[in-house]
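Mapped onto the numbering used here, the consecutive letters of the sequence shown carry residue numbers 8 to 85.
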Amino acid sequence: MKIKVKYFGLYRDLVGKMEESLEGDFYRLSDLISYLEKKYTDFKRDYLVISINYKYVENDENLKDGDEIAIMSPVSGG
8 MKIKVKYFGL YRDLVGKMEE SLEGDFYRLS DLISYLEKKY TDFKRDYLVI
58 SINYKYVEND ENLKDGDEIA IMSPVSGG
């Protein structure tokens, strides 16, 4: 399976790139996050905001070939 991962904010700084294409057995979002935590030692799942194909998700979703994942830190304001 091949997916594209885009990084924003803090996560862009942590991984040192704007985006990357990954190939692997990423059948669920949790598989991808576990992979990223191993690849990038400072990467933590605690404060992630994630979208799959421009739709925000909160749960462990199924992934499919060609999905575009955006990973960003939460935004707050007032």
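Think of the CB as a built atom: it goes at the ideal place given N, C-alpha and C, for glycine as much as any other residue.
For Val-82, does the three-state DSSP call read helix, strand or coil? Position 75 of the sequence shown holds residue 82. In the structure shown, Val-82 adopts coil according to DSSP, grouped into three states.
Extent of the continuous alpha helix (DSSP H) run through Leu-43: Mapped onto the sequence shown, residue 43 falls at position 36. First-last of the alpha helix (DSSP H) with Leu-43: 36-46.
Give the straight-line distance between the Cα atoms of Asp-53 and Lys-71, rounded to the nearest whole angstrom. Here residue 53 refers to the residue found at position 46 of the sequence shown. Here residue 71 refers to the residue found at position 64 of the sequence shown. Near 24 Å, if we compare the C-alpha coordinates of Lys-71 and Asp-53.
Short Cβ contact (7 Å threshold) for Tyr-14 with Ile-76: Residue numbering aside, residue 14 sits at position 7 when the sequence shown is read from its first letter. Residue numbering aside, residue 76 sits at position 69 when the sequence shown is read from its first letter. It is not a contact, given that the beta carbons lie outside the stated cut-off.
In DSSP terms, what Leu-29 is bridged to: For this step, residue 29 is matched to residue 22 along the sequence shown. Here Leu-29 is bridged, per DSSP, to Ile-10.
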